[in-house]
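Numbering (my numbering), first residue to last: 38 to 218.
All residues carry an ideal CB built from backbone N, CA and C; glycine is no exception.
Because the structure is a prediction, the values reported are computed rather than measured.
Heads up, the thing below is written out as structure tokens.
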Amino acid sequence: MALPFLDFPEAFDASECEAILALAARETLEPATVWNGAANHVDARTRQAERCYWPRDWETDWIYQRLDTLFAEAAVRFETEVDPVFEDIQFVRYCAGAHFQTWHSDAGVDRYEERRISVSVELSDADDYEGGVLEIAPAMGLVRTLPRGGGRLFRSRMIHRVTPVTRGIRHALVAWTGKRG
């Protein structure tokens with residue numbers, strides 16, 4: 038059976054999580070969007086969160102390099118090929134009530150080859166929030182299993198969602214990679 042996901046519990050250490058949160062603190066976060074087949078748009082019924090994107094530059098290159106390493110290892114385990122991260126990475130903040138409730142795939146028809154592996158990195162301590170669980174079908178779980186700094190990598194074609202945060206704030210780093218078109 039193919040691996041449904043791959044966990045890296047120590048993808049980033051606590052000081053690196055703090056550095057990522059400090060980068061985000063300087064940003065103006067915008068409402069997270071969803072793709073409707075034609076364009077990105079805000080739909081709070083489907084996804085309610087705030088986010089910003091970071092390109093690979095002198096401030097973020099260390100994050101990209103770490104993700105490139107994780108993706109390369111996951112590609113071997115998932116028996117696929119990937120390029121280094123070539124899309125901007127996404128910082129996401131889920132406050133109480135926030136979610137990505139609709140089951141979705143990161144690949145979709147528009148990015149089927151471009152996005153082969155996705156990652157979600159936990160930037161918050163487990164006791165900072167409740168809810169906000171990343172569920173991946175069919176291997177769903179309602180208990181957070183990764184510590185702060187842990188990354189969960191999964192095939193971008195797998196459907197997944199984030200349950201509503203019921204208390205506190207969840208911060209996550211999200212990225213994808215695959216093969217450039």
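State the Cα-Cα distance for the pair Asp144 and Ile196, rounded to the nearest angstrom. The residue given as residue 144 occupies position 107 in the sequence shown. The residue given as residue 196 occupies position 159 in the sequence shown. Looking at the sequence provided, one finds Ala at residue 144 rather than Asp. Taking the straight line joining both Cα atoms gives about 9 Å.
Compute the distance between the beta-carbons of His78 and Thr65, then report whether it is under 8 Å. Here residue 78 refers to the residue found at position 41 of the sequence shown. Here residue 65 refers to the residue found at position 28 of the sequence shown. Cβ distance not < 8 Å, so His78 and Thr65 don't count as in contact.
So, using beta-carbon positions, are Ala111 and Ser157 closer together than 8 Å? Mapped onto the sequence shown, residue 111 falls at position 74. Mapped onto the sequence shown, residue 157 falls at position 120. Against a cut-off of 8 Å, the Cβ pair of Ser157 and Ala111 comes out as no contact.
Close-in-space but distant-in-sequence residues of the same chain around Arg217 (CB under 8 Å, 5 per side omitted): Position 180 of the sequence shown holds residue 217. These residues qualify, in order along the chain: Asp120, Phe123 and Glu151.
Am I right that Ala227 and Gly187 are in contact with their C-beta atoms under 8 Å? What's the rounded C-beta distance? Residue numbering for the chain in the displayed model covers 38 to 218; residue 227 lies beyond these limits and cannot be assessed.
How far does the alpha helix (DSSP H) with Val113 in it extend, from its first residue to its last? Counted from its first residue, the sequence shown places residue 113 at position 76. Residues Asp98 to Phe115.
How would you label Leu179, buried or exposed, when you count the other beta carbons within 10 angstroms and need 16 or more for buried? Mapped onto the sequence shown, residue 179 falls at position 142. Below a pLDDT of 50, predicted positions are generally treated as unreliable, and Leu179, at 47, falls in that range; no measurement from the model is reported.
Own chain, CB closer than 7 Å to Asp125, minus 5 neighbours either side, in chain order: Within the sequence shown, the letter at position 88 stands for residue 125. For Asp125, where only same-chain residues beyond five positions count, the Cβ hits under 7 Å are Tyr90, Trp91 and Pro92.
Using three-state DSSP, classify Ile206 as helix, strand or coil. Within the sequence shown, the letter at position 169 stands for residue 206. Reduced to three states, the DSSP call for Ile206 is coil.
Between the alpha carbons of Ile173 and Gln85, how many angstroms are there, rounded? On the sequence shown, residue 173 is found 136 positions in, with the first residue counted as 1. On the sequence shown, residue 85 is found 48 positions in, with the first residue counted as 1. Their backbone Cα atoms lie some 18 Å apart in a straight line.
Could you tell me which of Gly205, Asp44 and Arg82 sits nearest to Leu104, measuring between CA atoms? Here residue 104 corresponds to residue number 67 of the sequence shown, with the count starting at 1. Of the listed residues, the one whose Cα sits closest to Leu104 is Asp44.
Buried or exposed for Arg185, going by 16 or more other Cβ atoms inside 10 Å? Residue mapping note: residue 185 aligns to position 148 of the sequence shown, counting from 1. Arg185 is buried by the Cβ-count criterion.
Count the other CB atoms within 10 Å of the CB of Gly134; is the residue buried (16 or more) or exposed (fewer)? The residue you call residue 134 lines up with position 97 of the sequence shown. Answer is exposed; the Cβ neighbour count stays below 16.
Which one of Pro175, Phe128, Leu60 and Leu160 has the shortest CA to CA distance from Glu87? Numbered from its first residue, the sequence shown carries residue 87 at position 50. Out of Pro175, Phe128, Leu60 and Leu160, Phe128 has the C-alpha closest to the C-alpha of Glu87.
In the structure shown, what three-state DSSP assignment does Asp147 receive? Start at 1 with the first residue of the sequence shown, and residue 147 comes out as number 110. Correct three-state label for Asp147: coil.
Checking 8 Å against the spacing of the C-beta atoms, do Leu60 and Glu96 come in under that value? Counting from 1 along the sequence shown, the entry for residue 60 is found at position 23. Counting from 1 along the sequence shown, the entry for residue 96 is found at position 59. Taking 8 Å as the Cβ cut-off, Leu60 and Glu96 qualify as a contacting pair.
For Ile100, which residues in the same chain have their Cβ closer than 7 Å to its Cβ, ignoring the five residues on either side in sequence? Position 63 of the sequence shown, counted from the first residue, corresponds to residue 100. The answer, listed in chain order, is Ile57 and Ile126.
Asp50 to Trp140 span [Cα, whole Å]: Indexing the sequence shown from 1 puts residue 50 at position 13. Indexing the sequence shown from 1 puts residue 140 at position 103. Roughly 30 Å between the two C-alpha positions.
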